[in-house]
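To start, the structure itself, in structure tokens.
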Ligand SMILES: Cc1cc2nc3c(=O)[nH]c(=O)nc-3n(C[C@H](O)[C@H](O)[C@H](O)COP(=O)(O)OP(=O)(O)OC[C@H]3O[C@@H](n4cnc5c(N)ncnc54)[C@H](O)[C@@H]3O)c2cc1C
């Protein structure tokens, strides 16, 4: 009899709860399985650049598992609804007695897992589901009244207290090798059906070993200056670990442990860079907890019900310009082009470009959320939705609707010399550090013809007034009570 481990967004051998549990009895045979679901992934707007990273990471996982005498079986099941049948088939043909997996918290994923549970339990298998995607499981950090936190700062305080009670993040070891390999691993395809598009193995090397190197590299160097550099897109100041966290090539506990070790164990005191970085990992936890507490977030619904009454603009031309990085606002265009060319966008620019779409263009945040998912190598429903609803002022603990980013001020503050703009909008490279943020202000005679929009697609002042009116009309977030 063997244990079957179903890998999903946990593509690693170290600190993998389901794998560690399945291997607890050293004498038992263990098999791994991964189900390719390209039709479902397309419905979920997964980006080709992300699927490519998954496949390359899966190939390394298969080799790492083989070294433990755990063969990885790979099946294509098209959509989630075929997962129960595919798993039962493999479990039966390999004489498995139990299925182990780490929980995924999105609504469709939970429904799929409920079906898997039913079908496999009816087939006589034990089911072992584990919390692994977060350092503290969703539902375990609640207010004194037992409700989910909806504001980040008190959530973080309670989360840290809980983590300290637990003695910090506990890392599970790589399992010891099984006595023998029950069969050969399946080959891992290098392409998934229907995912032609951007691939950047140069920027996003696959595999757990690379993710750990990236973590080590960051924590032994750049983390110290993270607080100063994290908002400057022209500087390599952040960890760029998000793609690896999204597919589970590294765990949040490993990230926390590394940051805590670099900070003498301090969560909220010590080196400001470490403290700030830990806080960002807690933001990730916050958004994952929220989608479990409020499943409507996975179903295209706003957190703030009243904002469902906002009549966002239909503007195919404006949306098209934003999607191509041709709005005429250099920092916004550089941001979107970074996404299109690399599959990743700097956090400050995710906020700036999302604000521009939802406030200056007044286009529904769901359009931007989908566009990001379709292009992001780190696409993650909880964080993406959280970020978009924050920017659109429809989310919990979101930016108040009247605090609208001025893209030019953002540009001057976070890219003062235009270094980042020059990299992604080379048409503007000849402009000086003052002109580059708002090229439309350069007198026409002085301006050499540029292959760049002559003026922005939206007038910031007029757009601001439109947003204020629309939000006031639905009676949300009175500015006089803003800072409460
Ligand atoms: C509109 C919008 C959309 C976003 N979409 C995604 C997404 O699809 N996937 C995703 O992983 N992040 C998303 N984020 C959050 C954030 O922008 C990225 O996590 C971050 O830029 C990743 O870069 P990094 O790994 O260098 O982060 P670092 O600054 O090194 O932070 C470390 C880790 O903390 C987490 N983190 C950091 N900032 C945030 C945040 N604001 N919210 C949640 N987690 C955070 C990430 O896991 C990140 O890898 C989005 C933010 C916005 C505003």
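Residue numbers (the numbering used here): -13 to 470.
Cβ coordinates follow ideal geometry from the N, Cα and C atoms, glycine included.
Predicted model only: the values in this text are computed from it and were never measured.
query: Environment of residue 353 [buried if 16+ CB atoms lie within 10 Å]; result: buried
query: Cβ neighbours of residue 472 in the same chain (closer than 6 Å, five flanking residues each side left out); result: Residue 472 cannot be examined here, being either before or after the span of the chain that is shown, -13 to 470.
query: DSSP three-state assignment for residue 144, whether helix, strand or coil; result: helix
query: C-alpha distance - residue 467 paired with residue 379, whole-angstrom precision; result: Caution is warranted here: a pLDDT of 41 is assigned to residue 467, below 50, making its placement in the model unreliable, and the coordinate value is therefore given only provisionally. Their Cα atoms are separated by approximately 15 Å.
query: Inter-residue spacing [alpha-carbon to alpha-carbon] between residue 533 and residue 317; result: This structure gives no information on residue 533, because the portion of the chain shown stretches from -13 to 470.
query: Identity of the residue in 367, 239 and 410 nearest residue 282 by Cα; result: 367
query: Distance cut-off 6 Å: residue 449 Cβ against heavy atoms of ligand 1; result: no
query: Assigned secondary structure, residue -8 (DSSP; H/G/I helix, E/B strand, else coil); result: strand
query: Option nearest residue 235 by Cα separation, candidates 41, 342 and 183; result: 41
query: Residue from 398, -12 and 426 whose Cα sits closest to the Cα of residue 419; result: 398
query: For residue 134, the residue or residues it bridges with in DSSP; result: 128
query: Residue 58 - partner residues in DSSP beta bridges; result: 18
query: Neighbour-count burial assignment, residue 423, 16 or more Cβ in a 10 Å radius; result: buried
query: Contact between the segment 189 to 206 and the segment 222 to 240 (3+ Cβ pairs under 8 Å); result: yes
query: Three or more C-beta pairs below 8 Å linking the segment 145 to 153 and the segment 163 to 178; result: no
query: Residue 114 versus 4, 61 and -3, residue with shortest Cα-Cα distance; result: 4
query: C-alpha distance - residue 470 paired with residue 457, whole-angstrom precision; result: Below a pLDDT of 50, predicted positions are generally treated as unreliable, and residue 470, at 26, falls in that range; the measurement from the model is reported next regardless. Going by the C-alpha atoms only, they are around 18 Å apart.
query: Burial state of residue 341, where buried means 16 or more other Cβ atoms lie within 10 Å; result: buried
query: Proximity to residue 193 [Cα-Cα], best of 32, -3 and 403; result: -3
query: Best match in 48, 28, 153 and 391 for proximity to residue 183 [C-alpha to C-alpha]; result: 28
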